[in-house]
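2 protein chains.
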Amino acid sequence: MSVCVLAGGVGAARFLAGLVQATDPTEVTAVVNVGDDMVLHGLHISPDLDTCTYTLADAINPDTGWGLAGETWAAMDQLERLGGEAWFRLGDRDLATHLYRTQRLSEGAPLSAVTAELAAAWGLVCRLLPVTDDPLRTLVTLAATDTEPEREVGFQDWFVGQQHAPDVASLHFDGADAARPAPRVLEAIGDADVVVVAPSNPLVSIDPVLAVPGVRDAVVSRRESVVAVSPIIAGRALKGPADQLMANLGHEPSVVGVARLYAPLVGTLVIDTADAALAGAVEAEGVRGVAAPTIMSDRAAAQALAEVTVGAAA
Amino acid sequence: MSVCVLAGGVGAARFLAGLVQATDPTEVTAVVNVGDDMVLHGLHISPDLDTCTYTLADAINPDTGWGLAGETWAAMDQLERLGGEAWFRLGDRDLATHLYRTQRLSEGAPLSAVTAELAAAWGLVCRLLPVTDDPLRTLVTLAATDTEPEREVGFQDWFVGQQHAPDVASLHFDGADAARPAPRVLEAIGDADVVVVAPSNPLVSIDPVLAVPGVRDAVVSRRESVVAVSPIIAGRALKGPADQLMANLGHEPSVVGVARLYAPLVGTLVIDTADAALAGAVEAEGVRGVAAPTIMSDRAAAQALAEVTVGAAA
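Written as structure tokens, this is what we have:
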């Protein structure tokens, strides 16, 4: 049973960690968002790829969901002392990932090759692919406020720097039009027995993946084998701003709103048991609704969710 | 008494630390080599500027002469685990310097401004100037061996990566022709009461400074007020490959060879008491020879050397 997962950060990473226990990990491919990537301090940082890698390696900081467990902060503390930009917290061991990636990219290696090298160094068995090797950056237009006009900022500036507090007027995936799918991305989607849209933010984790020309069409053509897991439970995101963002951009922040967004490409939507009463409303959007526990409080829960999800397509 | 010091790495840094005790530190300006700079892991590293800064801040690792005292190595250890390039050792707190510099340069700040910011953060009172804000890179052509033809490598590849073991056929200061002196460099040389050529490697620390158009002429025009401190003692460099390099490139590795190299721009050469017998041979090169203890085993010794040096010009 081969499974291809469209993936963002924390939610996707936890799902993947469950999936590689639920099925043959050599048959699992994640196609990961790079719209959150940025260059800071000259370093190429790929937050979603790293969160997936660290989680699959069982090295993630379980309290934050990002960064490494048992991390030290000597560089960041010193950077603060120097008056540098320390709002994006990079632990000492995490820095090594960005040093490695940046050096290899500067040598001409594509991001997909570097991602594979890092995954191998961490002992991963499943395959992680950035959706593209080309530059693709999610830009966020902050809504006007009483005191400030609309303005566009980088994703991490909004998400981390401003803790996603400002309302969002629109999103733009800069570079997407010219981006090409990374090697094996379209094949992974086309050849998988099941394609899963992970419980990630539909608008800033999944949409940038779909924005790479060819990817959305590849998913749509597999629609009957595509299962999404709703990141919205009882109208709220478990973590992160998916609910706020959906409301900001005119989408109902509910499993019904998720079904409506995904209906063109998804045959089945796994919704939390808390939303079981909305299964009919989901089906009214043309998407099969399957209710199951979706809160991945530990690996066993993530594995159970992965089993239900893969089973829902079969 | 204002003093301008042409400076490389460890020897210059120690001299400067003595000088700021011997005279008003607000009247001290160091014009520092950037030929050793490099970009590694995407980070702009300025080894000589950092060695001067850390030494003046009394934060240098006294055992190595480079890097910070009490440093930790979490990032570098992890980079090794990932299979990355870990030959150039960057401590966790030292990394913060390079993160800061790279970020500021990427924002368009010139290296001289960033250097001043870092010096201020470390509480330095004297002024550190990179000789130029423009790219200038020392390239080393390794001599042919029985098994390998001549080939050109970056300075740090030879100096650190190969521990300066290979013989050198020639040096090239890439970018020097187009480089402009950083703001205040020519004024610092022109206005100082005394110009000191620090006990640094003449060929790879001082020559790249002089290679920036305008700098050599500025020093030559001050020749009577220019005092050099010989980095060669009894035919050997205390630290580093100055003796080997002088021999490789056809210069006698002795205080006489140093006098011959510096004669066009230096009125006085401070030589170690161990070489007192060579004072006459130094004078025969047209350079006044002053013998004094030049080994800077501690700050008091460095201060005494600075006093002798500055006094020798006056």
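Just so you know, the protein sequences line up as chains Z and P, in that order.
The numbering used here applies: residue 1488 is where the first sequence begins, and numbers increase by one.
The numbering used here applies: residue 1488 is where the second sequence begins, and numbers increase by one.
We put the CB at the ideal spot given by N, CA and C, even for glycine.
Asked	Found
From residue 1577 (chain Z) to residue 1560 (chain Z), what distance separates their C-alpha atoms?	7 Å
Run through the stretch 1708 to 1779 of chain P for me and flag every whole beta strand (DSSP E) of 3 or more residues, listed as ranges in chain order.	1713 to 1716, 1755 to 1759, 1775 to 1779
According to DSSP, which residues form a beta bridge with residue 1572 (chain P)?	Answer by DSSP bridge pairing: none, since residue 1572 (chain P) is not bridged.
Could you pull out every unbroken beta strand (DSSP E) segment of at least 3 residues lying fully inside the stretch 1574 to 1639 of chain P, listed in chain order?	1614 to 1617, 1624 to 1629
Would you kindly work out how many angstroms separate the C-alpha atoms of residue 1575 (chain P) and residue 1599 (chain P), rounded to a whole number?	24 Å
Buried or exposed: where does residue 1783 (chain Z) fall if 16 or more other Cβ atoms within 10 Å of its Cβ makes it buried?	buried
Spell out a yes or no on whether the stretch 1560 to 1572 of chain P and the stretch 1586 to 1604 of chain Z are touching, meaning 3 or more CB-CB pairs, one atom from each, closer than 8 Å.	yes
Could you tell me how far apart the beta carbons of residue 1518 (chain P) and residue 1494 (chain P) are, in whole angstroms, since I believe they sit closer than 8 Å?	7 Å
Measure the beta-carbon distance from residue 1759 (chain Z) to residue 1708 (chain Z) and round it to whole angstroms, keeping in mind my assumption that it falls under 8 Å.	Wrong, their Cβ atoms sit about 28 Å apart, outside the cutoff.
Three-state secondary structure (DSSP) at residue 1693 (chain P)?	helix
Could you check the C-alpha separation between residue 1513 (chain Z) and residue 1528 (chain Z) for me, to the nearest Å?	35 Å
Whole angstroms are fine: how far does the CA of residue 1601 (chain P) sit from the CA of residue 1592 (chain P)?	7 Å
Can you tell me whether residue 1632 (chain Z) is buried or exposed, with buried defined as 16 or more other CB within 10 angstroms of its CB?	exposed
Is residue 1667 (chain Z) near residue 1700 (chain Z), with beta carbons less than 9 Å apart?	yes
Kindly indicate which residue of Z:1685, Z:1569, Z:1582 has the alpha-carbon position closest to the one of residue 1571 (chain P).	Z:1582
Can the beta-carbon of residue 1685 (chain P) be found less than 9 Å from the beta-carbon of residue 1618 (chain P)?	no
Have a look at P:1778, P:1790, P:1787, P:1743 and flag the residue whose alpha-carbon is nearest the alpha-carbon of residue 1771 (chain P).	P:1743
Which residues in the same chain as residue 1489 (chain P) place their Cβ atom closer than 7 Å to its Cβ, once the five residues preceding and following it in sequence are excluded?	1514, 1678, 1679, 1680
Quick one, which residues of the stretch 1516 to 1531 of chain Z are near chain P if we go by CB-CB under 8 Å, in chain order?	1526, 1527, 1528, 1529, 1530, 1531
When the Cα atoms are used, what is the spatial distance from residue 1687 (chain Z) to residue 1785 (chain P)?	59 Å
Judging by CA-CA distance, which residue of P:1503, P:1647, P:1552, P:1506 is the nearest neighbour of residue 1725 (chain P)?	P:1552
Throw me the rounded Cβ distance for the residue 1612 (chain P) and residue 1507 (chain P) pair, which I believe falls under 8 Å.	7 Å
Note down the Cα distance separating residue 1537 (chain P) from residue 1550 (chain P), rounded to an integer number of angstroms.	16 Å
Just to confirm the assignment, what range does the beta strand (DSSP E) spanning residue 1660 (chain Z) have?	1655 to 1661
Smallest Cα separation from residue 1609 (chain P): which of P:1683, P:1662, P:1544, P:1773?	P:1544
Per DSSP, residue 1516 (chain Z) forms a beta bridge with which residues?	Z:1491, Z:1614
How long is the line joining the alpha carbons of residue 1728 (chain P) and residue 1747 (chain P), rounded to whole angstroms?	18 Å
With a threshold of 8 Å, are at least 3 pairs of Cβ atoms found where one atom belongs to the stretch 1788 to 1795 of chain Z and the other to the stretch 1496 to 1503 of chain Z?	yes
Under DSSP, the beta strand (DSSP E) around residue 1532 (chain P) begins and ends at which residues?	1530 to 1532
Using a Cβ cut-off of 9 Å, which residues of the stretch 1544 to 1572 of chain P contact any Cβ in chain Z, in chain order?	1555, 1558, 1559, 1560, 1561, 1562, 1563, 1564, 1565, 1566, 1567, 1568, 1569, 1570, 1571, 1572
Residue 1526 (chain P) bridges to which residues according to DSSP?	P:1531
The stretch 1606 to 1618 of chain Z: which residues have C-beta closer than 9 Å to a C-beta of chain P, in chain order?	1607, 1608, 1609
Counting only beta-carbon separations shorter than 9 Å, does residue 1587 (chain Z) have a partner in chain P?	yes
Round the Cβ separation of residue 1689 (chain Z) and residue 1749 (chain Z) to the nearest angstrom and send it over; I've been treating them as touching at under 8 Å.	7 Å
Using 10 angstroms around the beta-carbon of residue 1634 (chain P), count the other beta-carbons present and answer buried if the total reaches 16, otherwise exposed.	exposed
Could you tell me which residues DSSP puts in a beta bridge with residue 1670 (chain Z)?	Answer is none; residue 1670 (chain Z) lacks a bridge partner.
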